[in-house]
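As structure tokens, the structure follows; a few thoughts come after it.
Protein chains: 2
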Amino acid sequence: MAAGDTRKQIIDAADDLFYGLGFSQTSFADIAAAVNISRGNFYYHFKTKDEILEAVIDKRLADRETLLSRWDETAARPEDRIACFIRIVIANQTKIMAYGCPVGTLTTELSKLDHPAKDKANRIMALFRDWLVRQFEVLGTGALAKDHALHVLGWSQGVATLAQAFKDEAYVQREVDSILAWLDGVRSAAQAAG
Amino acid sequence: MAAGDTRKQIIDAADDLFYGLGFSQTSFADIAAAVNISRGNFYYHFKTKDEILEAVIDKRLADRETLLSRWDETAARPEDRIACFIRIVIANQTKIMAYGCPVGTLTTELSKLDHPAKDKANRIMALFRDWLVRQFEVLGTGALAKDHALHVLGWSQGVATLAQAFKDEAYVQREVDSILAWLDGVRSAAQAAG
DNA sequence: TGGCTAATAGGTCAATTGTCCTAGTCGGGC
DNA sequence: GCCCGACTAGGACAATTGACCTATTAGCCA
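Protein sequences appear in the order of chains A and B.
With the first letter of the first sequence counted as 1, position 69 gets the number 69 in full-length UniProt numbering; the numbers rise by one all the way through.
With the first letter of the second sequence counted as 1, position 49 gets the number 49 in full-length UniProt numbering; the numbers rise by one all the way through.
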């Protein structure tokens, strides 16, 4: 097996396990078992557990950048792109009900651990924020773009947390409908002002 | 020192540590050091770590029940009571920016651990939800009371998560203003209909 | 004072953790 | 065929964990 393959497999397995169990609760043994390699072999690819974490965060950053770029391409209007973001809580509903939001739960955990990589993890959150700011700017909300962006981002975190706690699919759907209606109000207000 | 005292001190220290570090990251040694007793003495008061967790959750449940009862007494109108709930994200802003929401982060962590006490932890979340439902019912929102309650509860979770990630006080204040305006809209609509 | 029980201290235990080392295998270039 | 570097396996290591035990003290009651 080529080195790149094993390394990628380790990162993928760690990504899943960090999401499902949390970072500190995932052991080297867990990852090694998932990839089916010996624990010792691990040390060849990653010197420390923190190194794996950094690689996982890098991968998540790249994945999200790809996702946002795709939305930029496939959805022409900014309101449609924002709607894509809103609807991921439905697309990923099953996983969110089981493990919460992968971005939110990681930033929360690393923050509590006061882990050196917490700032890097926050960058994933900031990536979504900045992308949303751009969409609202294109939508024509002017100085309110940042406020609206944080509002939508915070909304997604709240929905994910309650979805995990109560496992209520209807609640998620209602919240999506509700924020889409809010988004439409923001759009029409911006277009009336512009 | 009386037995009740030491036990209470252990629970208080564990409460703080579980909030600041997380449950699984807090060790017996951490709690013992905080209370200034020997590790061995621990076993006399609590047989297992899970037993401490249950005691902490019970304490949090009791604390929140007291808090909600106080709001029931001091605030006459339901909209004022709901506003009390909304404003705790400002009252506890410093701690929330450091550690997130004590209720949300615990339920998320225990859910990932698939811990036996996760349902009990969820009861704190449910306590707030049911209280909010009652307030919205008194407010006269009829069948929408449950939807509104979950909306406010999810809002608080989202604000706490982003407050911790971005440490943006102005964001928190804006969100509070915004949801208070929403609450006022709900109130006037309910009173117009009633 | 003597005795009993609640409470505490300190240490042991096996298990698990992240880290690290060494011996070995494999495959392509000379 | 040989060699060298990439890769892997398996285990050693100290540290930490939750759990558990025993000896000792403190406080109260008779």
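Here a beta-carbon is modelled for each residue, glycine too, at the ideal position from N, C-alpha and C.
Next item on the list: List the residues of chain A that Asn122 of chain B touches, going by C-beta distances under 7 Å, in chain order.
Entry: Ala165
Next item on the list: Would you mind stating whether Ala75 of chain B and Leu183 of chain B have Cβ atoms separated by less than 8 Å?
Entry: no
Checklist line | Cross-chain neighbours of Lys112 of chain A in chain B, by beta carbon under 8 Å | finding: Gly20, Leu21, Gly22, Gln25, Tyr99, Gly100 and Thr105
Notebook entry, point to check: Would you call the stretch 44 to 61 of chain A and the stretch 115 to 135 of chain A touching, i.e. three or more CB-CB distances under 8 Å?
Noted result: yes
Next item on the list: Find out if the Cβ-Cβ distance for the pair Ala121 of chain A, Thr141 of chain A is shorter than 8 Å.
Entry: no
Next item on the list: In the DSSP assignment, find the unbroken alpha helix (DSSP H) run with residue 223 of chain B in it and report its ends.
Entry: Because chain B in this structure spans residues 1 to 194, residue 223 of chain B falls outside the shown range and cannot be described.
Next item on the list: Would you list, in sequence order, the uninterrupted alpha helix (DSSP H) runs of no fewer than 4 residues that lie entirely inside the stretch 85 to 166 of chain B?
Entry: 93 to 99, 102 to 113, 118 to 139 and 145 to 166
Next item on the list: Compute the distance between the beta-carbons of Leu162 of chain A and Leu150 of chain B, then report whether it is under 8 Å.
Entry: yes
Check: So what's Ile37 of chain A in DSSP terms, helix, strand or just coil?
Finding: coil
Margin query: Classify Met1 of chain A: buried if its beta carbon has 16 or more other beta carbons within 10 angstroms, exposed otherwise.
Written below: Legend: pLDDT at Met1 of chain A = 46, less than 50; position of this residue unreliable, value from coordinates given subsequently. Result: exposed.
Notebook entry, point to check: Can we say the stretch 2 to 16 of chain B touches the stretch 35 to 44 of chain B, given the rule of at least three CB pairs closer than 8 Å?
Noted result: yes
Checklist line | Length of the line joining the Cα atoms of Arg39 of chain B and Ala29 of chain B | finding: 6 Å
Note to self: Between the alpha carbons of Arg60 of chain A and Thr6 of chain B, how many angstroms are there, rounded?
What the structure shows: 45 Å
Next item on the list: With 8 Å as the C-beta to C-beta threshold (strictly closer), list the residues of the stretch 138 to 172 of chain A near chain B in chain order.
Entry: Asp147, Leu150, His151, Leu153, Gly154, Trp155, Ser156, Gln157, Gly158, Val159, Thr161, Leu162, Gln164, Ala165, Phe166, Asp168 and Tyr171
Item checked: Selection from A:Gln25, A:Ala189, A:Ala181 and A:Val172 that minimises the alpha carbon distance to Ile88 of chain A -> A:Val172
Note to self: By the DSSP assignment, the alpha helix (DSSP H) with Asp50 of chain A in it spans what residues?
What the structure shows: Lys49 to Thr74
Checklist line | Beta carbon of Ser24 of chain A nearer than 8 Å to that of Ser24 of chain B | finding: yes
Notebook entry, point to check: Under a Cβ-count criterion, where at least 16 other Cβ atoms within 10 Å of its own Cβ denotes burial, should Arg77 of chain B be classed as buried or exposed?
Noted result: exposed
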